[in-house]
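A.B. asks: Listed in order, the protein sequences are those of chains A and B.
Taking the working numbering, I'd label the letters of the first sequence as residues 408 to 548.
Taking the working numbering, I'd label the letters of the second sequence as residues 408 to 548.
Number of protein chains: 2
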Amino acid sequence: MILNQLPTNIKYYRTRNNWTQQQLADKLSISRSVIAKWENGDVTPDLHAIAKLSIIFEQSIDHLVGLDSQTNDQLSEFHQLYQAKTNQSQEYYNDLVWVSDYITKNTILKEQIFEMQQLPLKKQKAIHRIMKGIIGEAKHL
Amino acid sequence: MILNQLPTNIKYYRTRNNWTQQQLADKLSISRSVIAKWENGDVTPDLHAIAKLSIIFEQSIDHLVGLDSQTNDQLSEFHQLYQAKTNQSQEYYNDLVWVSDYITKNTILKEQIFEMQQLPLKKQKAIHRIMKGIIGEAKHL
DNA sequence: ACTATAAGTTCCAATAAAGAACAACAAATG
DNA sequence: CATTTGTTGTTCTTTATTGGAACTTATAGT
Numbered sequence: 408m409i410l411n412q413l414p415t416n417i418k419y420y421r422t423r424n425n426w427t428q429q430q431l432a433d434k435l436s437i438s439r440s441v442i443a444k445w446e447n448g449d450v451t452p453d454l455h456a457i458a459k460l461s462i463i464f465e466q467s468i469d470h471l472v473g474l475d476s477q478t479n480d481q482l483s484e485f486h487q488l489y490q491a492k493t494n495q496s497q498e499y500y501n502d503l504v505w506v507s508d509y510i511t512k513n514t515i516l517k518e519q520i521f522e523m524q525q526l527p528l529k530k531q532k533a534i535h536r537i538m539k540g541i542i543g544e545a546k547h548l
Numbered sequence: 408m409i410l411n412q413l414p415t416n417i418k419y420y421r422t423r424n425n426w427t428q429q430q431l432a433d434k435l436s437i438s439r440s441v442i443a444k445w446e447n448g449d450v451t452p453d454l455h456a457i458a459k460l461s462i463i464f465e466q467s468i469d470h471l472v473g474l475d476s477q478t479n480d481q482l483s484e485f486h487q488l489y490q491a492k493t494n495q496s497q498e499y500y501n502d503l504v505w506v507s508d509y510i511t512k513n514t515i516l517k518e519q520i521f522e523m524q525q526l527p528l529k530k531q532k533a534i535h536r537i538m539k540g541i542i543g544e545a546k547h548l
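(1) Is DSSP giving B:Ile463 helix, strand or coil here?
(2) For A:Gln412, verify whether its CB is less than 7 Å away from any heavy atom of the ligand NAD.
(3) Starting from B:Ala458, find everything on chain A with Cβ-Cβ shorter than 8 Å and list it in chain order.
(4) Less than 8 Å between CB atoms is the rule here; does B:Thr427 satisfy it with respect to chain A?
(5) B:Ser436 CB to nearest chain A CB: under 8 Å?
(6) Would you tell me roughly how many angstroms separate the C-alpha atoms of B:Ser461 and A:Asp433, rounded to the nearest one?
(7) Could you name the residues of chain B that A:Asp433 contacts, counting a contact when the two beta carbons are closer than 7 Å?
(8) According to the Cβ coordinates, are B:Val472 and A:Ile468 closer than 8 Å?
(9) For a cutoff of 8 Å on Cβ pairs, would you count A:Ile468 as touching chain B?
(10) Can you name the residues of chain A whose CB is closer than 8 Å to the CB of B:Asp453?
(11) Are A:Pro414 and A:Glu446 closer than 8 Å when you measure CB to CB?
(12) Quick check on the burial criterion: 16 or more other C-beta atoms within 10 angstroms. Buried or exposed for B:Gln429?
(13) Would A:Ala458 and B:Leu474 be called neighbours here (beta carbons separated by less than 8 Å)?
(14) Do you know how far the Cα of B:Arg421 is from the Cα of B:Thr427?
(15) For chain A, check one thing: does any of its Cβ atoms lie closer than 8 Å to the Cβ of B:Ser440?
(16) For B:Gln412, which residues in the same chain have their Cβ closer than 6 Å to its Cβ, ignoring the five residues on either side in sequence?
(17) I'd like the span of the alpha helix (DSSP H) that includes B:Asp433, first residue to last.
(18) Would you mind reading off the limits of the alpha helix (DSSP H) that contains A:Asp469?
(19) How is B:Asp449 classed by DSSP in three states: helix, strand or coil?
(20) What's the C-alpha gap between B:Leu431 and B:Ile442?
(21) State the DSSP-derived secondary structure class of B:Ser440, mapped to helix, strand or coil.
(22) What's the C-alpha gap between B:Gln423 and A:Asn425?
(23) Could you name the residues of the same chain whose beta carbon sits closer than 7 Å to that of A:Arg439, not counting the 5 residues immediately before and after it, in chain order?
(24) Let's see if you can read the secondary structure: which residues bound the alpha helix (DSSP H) around A:Leu474?
(25) Return the first residue and the last residue of the alpha helix (DSSP H) that B:Leu413 is part of.
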């Protein structure tokens, strides 16, 4: 795995914005010498720093570290599978939105789910079955 | 800057592939306890590890850390709602994230909540009370 | 050549992560 | 049930890596 594109990119996007190391350091609230070490590959920035750089430079993290085309090549081989998983992921976040919406309005339910989560799996499933029955009943009341 | 999506995602994609922590650790050639600490947010994986995860999970780094536009778009709605509803901060936010996560992984529960959502408020509250009783019982079984 | 600005380097303190060993927990087995 | 297995969480120690300050070097403008 080669990540040596990152130092180059940091320097590239910094100079592209006509910023000195000091100016970039100020934006990140760190010392200038660290920037120098990043750009020379002496030190690898941690995830938080990289995320900030991604936002400041308006470039994806994958592009900054030079893994986007590489990963795309690797992923193309598994395109079908990848596609399926992406859809699943999409569904996941759709769920997240409406479930969050509902839960936000139901503090009690949130607490109950919290407690439920801490129960053994067996008990959780039992509760699910019971709930199914209860909700089924409630629908026809 | 919120990067607390990473631990959740690591665990999510690992379990999604039906891998144990040990199996994932083997793929990365590291010790298992590190995986546990990543998933619990005790430790942040360095860039090389994240890049490997990105390839293994076939997900962009930006997505894994929860900083891609897709994730942000989906979550912004949720975030606005959260901002509007409460001024308690991080803790509540985290609650919603993991509760959503939990529900999404439990298809049965998700469907039940979906149905519950469509019931009259009165019936919903009744169900909540019943659930409270059931969960309380289950805890002391 | 001199000065000022910017960038590279060295050293050290502080921080963070990795691994091993142990503990906790639920699931499976008999 | 009791026991064993499999999986995950936690603690402790060692190791390594990073970040910052200060110093050195290089470059540009006068």
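Even for Gly, the Cβ is constructed at its ideal location relative to N, Cα and C.
C.D. replies: Looking at the atomic coordinates:
(1) helix
(2) Because no ligand of any kind appears in the structure shown, any question about the ligand NAD cannot be addressed here.
(3) Neighbours of B:Ala458 on chain A, chain order: Met408, Leu410, Val472 and Leu474.
(4) no
(5) no
(6) 30 Å
(7) Result: empty, since nearest Cβ-Cβ is about 17 Å, beyond 7 Å.
(8) yes
(9) yes
(10) Thr451, Asp453 and Leu454
(11) yes
(12) exposed
(13) For A:Ala458 and B:Leu474, yes; Cβs fall inside 8 Å.
(14) Approximately 7 Å between the Cα atoms of the pair.
(15) no
(16) Once the five neighbours on either side are set aside, the close Cβ partners of B:Gln412 are Gly473.
(17) Gln428 to Leu435
(18) Ile468 to Leu471
(19) coil
(20) 8 Å
(21) helix
(22) One detail in the question is off: residue 423 of chain B reads as Arg in this sequence, not Gln. The alpha-carbon atoms of B:Arg423 and A:Asn425 are separated by roughly 44 Å.
(23) Gln428, Gln429 and Ala432
(24) Segment: none, A:Leu474 is in no alpha helix (DSSP H) and carries neither H nor E.
(25) Per DSSP, B:Leu413 belongs to the alpha helix (DSSP H) from Gln412 to Arg423.
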